[in-house]
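J.: Numbering-wise (my numbering), the sequence shown opens with residue 360 and increments by one. Glycine is no exception: its CB is placed at the ideal position from the N, C-alpha and C atoms. Bear in mind that the values here come from a model prediction, so they are computed numbers and not experimental data. Handing you this structure, nothing more for now.
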Amino acid sequence: MKDSRNTGQGKSKVVKYNKWGYIFLAPFVIVYVTFQVVPLFSTIYNSFFENFRSGLIQIGPNWVGLENYKKIFSTPELMQYTKNTLIMWIIGFVPQIIVSLMLGQWFSDVRLKLRCSGFFKTVIYLPNLIMASAFSMLFFALFSDVGPVNGMLMSMGVIDEPFRFFASVGATRGLVGLMNFLMWFGNTTILLMAGIMGIDVSLFEAAEVDGANSWKRFTRITLPLLKPILIYVIITSMIGGIQMFDVPQILTNGKGTPADSATTLIMYLNRHLFSKNYGMGGALSVFLFIITAILSLVIYAIMYRKRDKN
């Protein structure tokens, strides 16, 4: 009886401690449900209604079922805006992941004995703290027709007249990708460096004893063990790329010029919301949510399938 009583007291203490865990989790759950779950279901619900403003007259909300989705998929611009978004994300992400892997490897390699590594880590992370709007205004001033970049190129004799960066499709997309690269490569470097530092050093020492060079150690040890962090970086970067808005919006003055080549899916969504077309905006939001979920699952499945084969 004494043992059972002690066991019962132990269980009551565990329950009492667990109660505090739920209490501390409650604020997060309340905020998450209020600002994430409720808006999500509200958006899905509104996507089945005709609800927009025509001049001073409010049309709807009227139930239309899947008509909003049919209009979205019948819009020829949708594929163009999807293509624009993916191209500008790839332009920024590919150099970002390459540079971040190189920097993460260098900073985490104790044998290199890099001096002032803490200072350089801080410097490469600083662009992540700058607002995208400020970054866009800076690039708009630097690469304008009368900006310092054109002035420097003309003084060096590279060009005879100012190059119109924002009138060129490739230059505009390249500038958007460059800004995304500069803003986020520091954050990616910190994440990858943390993953590399978590790898057991004895694995590298054993590989070095076996005669493996630095490239083989990186491809056979670092990359496979870094795969969970890489999956996280790729998926979060992909989500950020699909939600790309502020940089191209400010850089092109909200027009996506030239020829809508810099218009992203979120800029297209913003046009519907700005015109008070909540039904089409909700349908496009659901479309983006589904595309994001599918791409995330595909990336996750591909990365882990390769690991299982190895």
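So for I489, helix, strand or coil by DSSP?
T.: In the sequence shown, counting from the first residue as 1, residue 489 sits at position 130. Three-state DSSP puts I489 in coil, outside helix and strand.
J.: Rank F494, F383, R532, L488 by C-alpha distance to the C-alpha of K670 and give the top, closest one.
T.: A question about residue 670 goes unanswered here, because the residues of the chain that appear run from 360 up to 669.
J.: By how many angstroms is the C-alpha of G570 removed from the C-alpha of R576?
T.: In the sequence shown, counting from the first residue as 1, residue 576 sits at position 217. In the sequence shown, counting from the first residue as 1, residue 570 sits at position 211. If I take the Cα positions, the gap works out to 10 Å.
J.: With three or more beta-carbon pairs closer than 8 Å as the criterion, would you say the region 522-537 touches the region 548-564?
T.: No, the region 522-537 is not in contact with the region 548-564.
J.: Give the secondary structure of N377 by DSSP, where H, G and I count as helix, E and B as strand, and everything else as coil.
T.: Here residue 377 corresponds to residue number 18 of the sequence shown, with the count starting at 1. N377 falls in the helix class under three-state DSSP.
J.: Between the alpha carbons of N612 and L584, how many angstroms are there, rounded?
T.: Position 253 of the sequence shown, counted from the start, is the residue given in the question as residue 612. Position 225 of the sequence shown, counted from the start, is the residue given in the question as residue 584. Approximately 44 Å, taken between the alpha carbons.
J.: State the beta-bridge partners of S413 as determined by DSSP.
T.: The sequence position of residue 413 within the sequence shown is 54, counting from 1. According to DSSP, which records beta bridges pairwise, S413 is partnered with I416.
J.: Output the distance between the C-alpha atoms of V482 and Y391, rounded to the nearest integer angstrom.
T.: Working through the sequence shown from its first residue, we reach residue 482 at position 123. Working through the sequence shown from its first residue, we reach residue 391 at position 32. Near 33 Å, if we compare the C-alpha coordinates of Y391 and V482.
J.: Is the number of C-beta pairs between the region 580-594 and the region 486-505 that are closer than 8 Å three or more?
T.: No, because fewer than three Cβ pairs between the region 580-594 and the region 486-505 fall closer than 8 Å, the two stretches do not touch.
J.: Are there 16 or more other CB atoms within 10 angstroms of the CB of N377, so buried, or fewer, so exposed?
T.: Along the sequence shown, one-based indexing puts residue 377 at 18. The residue in question, N377, is exposed, as its Cβ has fewer than 16 Cβ neighbours within 10 Å.
J.: Under three-state DSSP, which class holds N443?
T.: Position 84 of the sequence shown, counting from 1, holds the residue named residue 443. Correct three-state label for N443: helix.
J.: Taking the Cβ atom as the reference point for each residue, do I609 and A491 lie within a distance shorter than 9 Å?
T.: Within the sequence shown, residue 609 is the residue found at index 250, counting from 1. Within the sequence shown, residue 491 is the residue found at index 132, counting from 1. Cβ distance < 9 Å, so I609 and A491 count as in contact.
J.: For M360, count neighbouring Cβ atoms within 10 angstroms of its own Cβ and tell me buried if that reaches 16, exposed if not.
T.: Position 1 of the sequence shown holds residue 360. Low confidence applies here, because M360 scores a pLDDT of 47, under 50, leaving its location unreliable; read the following figure in that light. M360 is exposed by the Cβ-count criterion.
J.: Mapping the DSSP letters down to three states, classify K361 as helix, strand or coil.
T.: The sequence position of residue 361 within the sequence shown is 2, counting from 1. In this predicted model, K361 has a pLDDT of only 49, less than 50, meaning its place in the structure is not dependable; the value taken from the coordinates is given anyway. In this structure, K361 counts as helix in the three-state DSSP scheme.
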